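The structure appears below as structure tokens.
As structure tokens, this is what we get:
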């Protein structure tokens, strides 16, 4: 399948709270591993179309974590259902 050149005709659904928590967990693990592995001090990372050092990768991970944290915070905790007498 060729690469997309536009998002026309592409549809999706919002991520569920469980999916957002899983993404946050992956980001947290990447941050933890990055900070606790001295052997990767001189390694470069690819972020999109850029090559960044360890500090740049950490900044990108923290920015992504903030974004997904905001998305999770915006998910309604509950929704209202309309009950009728027939439902009881």
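Residue numbers (our numbering): 1437 to 1524.
For each residue, glycine too, the CB sits at the ideal point set by N, CA and C.
Owing to the predicted nature of the structure, the values given are computational and were not obtained by experimental measurement.
Distance CB(residue i)-CB(residue j) smaller than 7 Å
i            : j            : result
residue 1504 : residue 1459 : yes
residue 1507 : residue 1457 : no
Assigned exposure category for residue i - 16 Cβ within 10 Å defines buried
i            : result
residue 1463 : buried
Same chain, Cβ closer than 6 Å to residue i, neighbours up to 5 away in sequence not counted
i            : result
residue 1453 : 1511
residue 1481 : 1488 and 1493
Neighbourhood of residue i by C-beta distance below 7 Å, restricted to the same chain and skipping five residues each side
i            : result
residue 1466 : 1497
Same chain, Cβ closer than 8 Å to residue i, five either side skipped, listed in chain order
i            : result
residue 1451 : 1459 and 1507
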